[in-house]
Each structure stands twice: as C-alpha cells, then as structure tokens.
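Numbering-wise (numbering that gives the first Met the number 0), the sequence shown opens with residue 0 and increments by one. Every residue gets a Cβ at the ideal spot worked out from N, C-alpha and C, and that includes glycine.
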Amino acid sequence: MRPFSRTSAGRGRWCRPNHSAQPRLTTNARGQWQDLRVSGFTRLLPAVSLLAVGGLLAACTSGDPEDERQPERPVTERNGPVGPVPEGLGEFYGQPLSWGDCARYATSDTAKAAFNTRDIECARLTVPLRYDKPDGETITLGVLRRKASDAKQRVGSLVINPGGPGAAGMPAAAQSASAARGTQLGERFDIVGFDPRGIGASEPQVQCLTDQERDAERAEDDETDTSPKGIAKQESDEREFARKCAQRTEHGKTMLANMGTRDVARDMDVLRSALGDAKLNYLGYSYGTRIGSTYAELFPRNVRALVLDGALDPAQDQVEALVAQGAGFQKAFDEFAKWCARKQDCALGNNPGAATQRFQQLVQPLINRPVEVGAGRKLSFDDATTGVAQALYAKDLWEMLNSALVELQRNRGAGLMQLADIYNERGQDGSYSTTQDAFTAVRCVDEPKVTDKKEILQIERRYKQVAPFMDHGRPAGAALDACAFWPVPNTSRPHAPNVAGLPPTLVISTTNDPATPYQAGVKLANALGGGLLTYQGTQHTVFLQGKKCVDQIGTKYLVDLQLPPRGARCS
C-alpha cells in the first residue's frame with residue numbers, strides 16, 4: 000500500500016496508489032546510481048529475495064540464460080466448471096483457457112522484462128462487465144501461469160496479487176514463478192497472476208490522463224497553493240480528471256461503476272473455476288489483502304488457504320486509515336533518520352531529533368524553485384516527497400535515499416526524480432502505466448465520498464500533525480478530490496466482513512510497516528478468525544522476501560494448512 004498523501008489531480012486529495020510491489024533501485028560500489036531499467040520503468044529484485052512479490056520485481060534485458068520462451072501456438076484447456084456456480088454464470092465458470100506465449104500480453108517495460116523467462120504461459124479470461132447483467136457486455140482479464148514442477152504432488156493454483164489498487168498481477172507472478180523454481184511452492188503449486196479488470200493486459204483499460212498531462216500535473220505542485228484561488232484550481236483539475244476518465248475509458252461510466260474490489264473478487268472466483276480448482280489458494284499483499292478479505296466474505300466456502308501480508312483493516316474508514324498510515328510513514332522516516340545519523344555523510348545531519356526540520360528545509364524550497372533534472376523536467380516538492388516515500392518502504396533503499404538527498408543538497412535532483420518516476424511508473428521514454436488512473440477508479444467506488452469542506456480541512460491538519468516530514472509548510476487547505484466529482488456512486492464502504500464458513504487463514508503483519516500499520520493486520524486476523532504472524536521490522540510486506548522464519552511458516556500453512564502457534568513472531 001502506498002502512502003495516503005495530498006497529491007495532484009487524479010490521484011485523490013489524500014491518496015496515492017498503494018500497491019505493495021514496490022520497485023527497487025540500486026547503487027554500485029561507488030554509491031553512484033545504477034539504472035537497471037530495461038528501456039523504461041521496471042521493478043528491481045535484490046539478489047537475496049526469494050520471490051519477486053510484495054516489494055520486488057526483477058529487471059533484466061535477457062532473462063535467465065537458460066530460458067526457453069514458450070511456443071506461440073496456444074494450447075486450449077477446459078478445466079471448469081469446478082465448485083459452486085452462481086446462477087447465470089455457467090459459461091464463464093466453465094470457459095476454456097487458451098494458453099500461449101506471454102510476449103503479446105506485455106503492456107509495459109515491467110511486463111516485458113518479467114515475461115522474458117521460461118515456463119510461463121498466458122491466457123485471457125472473459126468475465127461479465129456487470130455481474131448483475133451476465134448476458135450483457137463482457138471484458139477480458141490477462142492471466143499468467145507457471146505450472147507446478149511436481150505434478151504428482153500438486154496442490155492446486157496459488158493466485159497472487161501484489162496490491163494496488165491498480166497494480167498488474169501478471170508481471171509479479173512471472174517473477175514469483177521464476178524465483179520459486181526449486182522451492183516447495185514452485186513444486187506444489189501452479190503460480191498464477193492476473194491483471195485485475197481495467198488494468199495492464201486486461202481489456203479495456205481505465206484511461207484518464209495522457210503521458211504529457213501526467214508529467215504536467217506532477218510538475219505543478221498545485222496542492223501547495225491553499226489560497227481560495229489555489230483551491231479553485233485544484234478542484235477544477237480534479238473535476239476535469241473525473242470527466243476525462245469517463246470520456247476516455249471504453250464503456251465509460253459503466254466501466255467505472257464496475258471497477259470495485261467486489262467485482263475483482265467475483266472475477267477471481269471465475270478464475271478459480273476456470274483453472275480447475277475447487278478451492279482457492281490466494282496470496283495477497285497490501286491492497287491485495289482487501290481483495291482477499293472481500294473474497295472471503297463473498298465466497299467463504301470456496302477458500303482453501305489465504306495468506307494476507309501488509310493488511311488493510313476492512314472496517315476502518317479511509318480517514319482513519321489515512322491518519323494511521325501517515326503516522327506509519329513518519330515512524331519509518333524517523334527510523335531512517337536514526338540510521339542515517341550514524342553515517343558521516345548523512346544528508347539530514349547527526350541529530351535524529353532535528354531530521355524532520357532539516358528535511359523540510361531541504362525540500363520545501365522546491366515549491367518555488369524546482370530543480371532541473373534534464374530533458375526539460377524539474378524536480379517538484381511533490382516528486383521529492385514521493386521519492387522519499389518510495390524509499391521508506393524497505394531498509395535496503397535507505398542508502399540510496401541518503402545518496403539522493405545528498406544530491407539535492409548540491410542542487411541535483413536526479414536521484415529523487417528517479418525514485419518518484421519508479422513510484423509513478425514512468426518509463427524512460429516518458430510513458431506511464433495506467434496504475435494511477437486505475438487506483439483512482441477503484442478507490443472512488445470502494446469508499447464513500449468526502450465532500451464536507453470542514454471535514455477535509457480537519458483531515459489535512461491531522462495529517463500534517465502525524466506526518467510532518469511531508470508538510471509543505473503552507474496552511475492546510477480544503478480542496479475536494481477527484482472522487483467528489485466521480486460520475487458514478489460508490490458501491491462499497493468499510494465494514495467488518497461476515498465470513499461464516501471460512502477456514503483458517505493467515506495474516507502477516509510487520510511492526511513498523513510504513514504503509515499498512517501493524518494494528519490493521521491484528522484487526523484483520525481477528526475479523527477473519529484466523530492466525531496472525533508478527534514480523535518485527537521496518538518494511539512493507541515481508542513474506543517470500545528472504546526472511547527464513549516468515550517464509551517457512553507461510554509455506555507450511557499454504558502446503559499443509561498448518562497455522563503457527565498463537566503469538567508467533569519472527570524478526
């Protein structure tokens with residue numbers, strides 16, 4: 000989950016895309032920035048990581064040297080329908096899947112790099128645009144699979160979602176599958192990922208802003224102008240963004256009205272059946288935990304195993320989630336400051352207690368004097384704080400963050416801009432994924448609109464208090480966000496899920512997770528009546544990221560359905 004924050008048009012006044020599959024940068028031995036992207040944006044995988052999910056996606060130009068790409072001739076399988084079939088949906092639950100080469104499913108440099116590996120195959124799943132009208136318009140979802148290497152011991156499919164909303168699941172699953180070779184999960188499960196409706200290889204995509212428009216709104220720093228004129232400008236931009244989403248997205252308002260998490264969960268049940276699985280095995284990170292808990296409520300008896308890492312509390316309203324998340328990022332920033340203070344070249348000095356003030360002094364001047372970074376682009380205050388938020392997801396980025404801040408002290412902004420570009424999924428060619436657009440589309444139908452200006456002003460003030468490192472130094476404002484102007488009503492709201500009949504599940508929660516606070520995981524585990532594994536650390540999501548204790552417990556649960564003892568902890 001990414002930080003709730005004041006943002007530019009189309010990302011929501013307090014929210015940013017929050018998928019957990021955070022990209023990574025690295026530095027060479029001299030501390031210089033290494034650009035490991037393929038020819039644009041991609042996510043990067045540390046060598047120690049076991050699976051490229053929940054924080055990491057690999058980048059490479061040639062893939063595994065032993066890789067053999069799949070033949071293009073598709074192979075059609077009909078494995079469904081399996082399990083209960085809702086009335087009127089038989090043709091969807093029993094549809095054949097035509098598996099073939101994945102190259103034509105790549106819609107970004109991320110996907111191109113991830114799909115350059117062996118043993119994966121891709122297909123299209125057809126689902127209703129509207130589940131209340133299954134005989135009406137249909138849409139398709141991209142699906143990727145790597146079959147279990149031990150067919151005799153195969154448990155079933157393990158469906159993975161890296162988060163979001165707005166994140167593509169196919170690239171994450173491809174890298175997970177590659178990294179899972181030789182592990183119990185790779186031997187016993189088909190590793191499966193899908194691009195949720197409106198996202199990535201799924202058709203149609205939600206489309207709102209052009210690449211040029213996205214660049215322009217990032218450069219403006221409009222949210223720092225809280226004068227009446229500035230508020231009017233922000234709201235005009237948000238209103239125009241909502242209009243463009245409806246105008247530029249195929250099926251228009253109908254598509255936007257059916258982008259919610261409940262729709263995604265129903266799509267996932269169609270996928271379960273089409274894959275031939277009577278029960279679902281699911282691994283969800285960050286926002287993917289919301290998909291998992293929603294599925295658990297809709298189809299509790301169709302679940303075999305759920306692992307939910309970096310949890311969202313389904314009963315918490317978006318305002319309290321915002322405040323809790325802001326506090327989480329401030330805590331991560333404070334931890335970074337303590338780590339940095341021990342370094343001779345710390346950009347924030349050697350007094351952690353003064354780090355927030357030092358940071359504000361470094362980035363707030365960007366509001367009036369953005370730093371040129373080349374190619375006609377300038378580092379804005381918003382991009383600087385976005386880049387920092389990107390780096391706070393895991394300790395393995397802290398060295399890079401300090402290098403970027405040292406650069407900024409020297410009036411160079413390339414490091415922070417690169418972090419911000421990766422966060423925003425901007426390729427070197429200037430193209431963006433549609434993650435930002437899809438994020439807003441999902442959020443605006445998943446959550447009630449906030450239109451009370453007094454409430455908005457109070458939210459802004461609370462956020463400035465709990466996350467002062469992100470404070471722009473201007474008075475709080477009360478501008479409506481894009482969801483206030485969304486052309487369709489919300490279809491869901493926060494609530495405690497009714498999961499009668501759900502088998503035991505496993506929630507993993509990290510004590511210093513900056514994006515999804517620890518207590519949210521505790522509450523989700525209680526709501527689902529399952530097990531809780533606590534990881535003591537500072538990062539966003541942890542399962543299958545090289546933490547042996549966590550990986551053993553999670554794998555044991557997925558394979559044998561054995562939960563850890565009450566109070567289980569890893570560090």
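For the alpha helix (DSSP H) containing residue i, name the first residue and the last one.
i	result
Trp98	Counting along the chain, Trp98 falls outside any alpha helix (DSSP H), though it belongs to the beta strand (DSSP E) covering 96 to 98.
Leu415	413 to 423
Ile552	547 to 559
Ser272	260 to 273
Tyr92	89 to 92
Tyr286	286 to 297
Gly141	No alpha helix (DSSP H) holds Gly141; the beta strand (DSSP E) holding it covers 137 to 145.
Taking the alpha-carbon positions, what's the residue i to residue j distance?
i	j	result
Asn497	Leu311	16 Å
Thr137	Thr125	7 Å
Ala113	Leu96	21 Å
Leu279	Val370	50 Å
Ser156	Leu365	49 Å
Val405	Gln315	38 Å
Gln174	Tyr281	17 Å
Tyr462	Glu334	19 Å
Ile198	Asn349	44 Å
Arg77	Gly528	35 Å
Cys14	Val449	Only weak support exists for where Cys14 lies, its pLDDT of 42 falling under 50; the value from the coordinates is given anyway. Cys14 and Val449: Cα-Cα distance of roughly 12 Å.
Asp224	Arg217	14 Å
Thr509	Val541	8 Å
Tyr294	Thr75	27 Å
Phe328	Gln94	44 Å
Thr554	Cys548	10 Å
Pro563	Met469	38 Å
Lys394	Gln538	7 Å
Lys522	Leu560	21 Å
Can you tell which of the options has its C-alpha closest to the C-alpha of residue i?
i	options	result
Pro486	Gly275, Leu96, Asn350, Asn257	Asn257
Ile458	Gln329, Val318, Ala105	Val318
Gln356	Ala304, Val541, Val549, Ala466	Ala466
Trp397	Gln408, Leu274, Ala336	Ala336
Pro127	Asn410, Pro195, Cys548, Arg300	Pro195
Val372	Gly251, Ile507, Arg411	Arg411
Gly259	Asn511, Pro493, Arg425	Pro493
Arg72	Gly89, Cys121, Met469, Pro299	Cys121
Leu208	Arg460, Gln246, Gly185	Gln246
Ala178	Gly566, Leu543, Lys555, Gly553	Leu543
Leu531	Gly185, Ala320, Leu505, Thr182	Leu505
Ala241	Phe438, Pro474, Trp98	Phe438
Pro313	Pro227, Ala524, Arg565, Gln359	Ala524
Ile190	Ser201, Thr182, Glu202, Ala176	Ala176
Gln408	Asp344, Val154, Thr433, Tyr422	Asp344
Tyr534	Gly566, Gly229, Ile230	Gly566
Ala590	Ala354, Asp118, Gly135	Only positions 0 to 570 of the chain appear in the structure, and residue 590 is not among them; the question remains open.
Ser107	Lys342, Thr433, Val154, Cys339	Thr433
Arg129	Lys252, Ala167, Asp236, Glu212	Lys252
Asp420	Asp445, His471, Thr384, Cys443	Thr384
Indicate the three-state DSSP secondary structure (helix, strand or coil) for residue i in the structure shown.
i	result
Glu219	helix
Ala112	helix
Gln538	strand
Tyr462	helix
Asp210	helix
Glu76	strand
Asn401	helix
Thr355	helix
Which whole-angstrom value describes the C-beta separation of residue i and residue j, a residue pair presumed to lie in contact below a C-beta threshold of 8 Å?
i	j	result
Gly287	Gly162	5 Å
Gly283	Leu255	23 Å between Cβ atoms; not a contact.
Leu415	Leu378	6 Å
Ser430	Asp214	In fact, because the Cβ distance is near 10 Å, the residues do not count as touching under 8 Å.
Pro502	Val302	6 Å
Asn401	Ile290	Between Ile290 and Asn401 the Cβ distance is about 35 Å, and since that is not below 8 Å, they are no contact.
Leu297	Arg261	7 Å
Gly536	Ser570	7 Å
Asn489	Pro447	6 Å
Gln389	Leu347	The pair is not a contact, with the Cβ atoms about 17 Å apart (cut-off 8 Å).
Val322	Phe91	Not confirmed; about 40 Å, so no contact.
Would you mind reading off the limits of the beta strand (DSSP E) that contains residue i?
i	result
Ile366	Taken as a continuous stretch (DSSP letters only), Ile366 belongs to no beta strand (DSSP E), as it is neither H nor E.
Pro127	120 to 127
Lys377	376 to 378
Asn160	155 to 160
Phe193	188 to 193
Ser508	505 to 509
Gly566	No beta strand (DSSP E) contains Gly566, which DSSP labels as neither H nor E.
Arg303	302 to 308
The ligand FAD heavy atoms versus the CB of residue i: any closer than 7 Å?
i	result
Thr288	The ligand FAD is not among the ligands present in this structure, which contains no ligands whatsoever.
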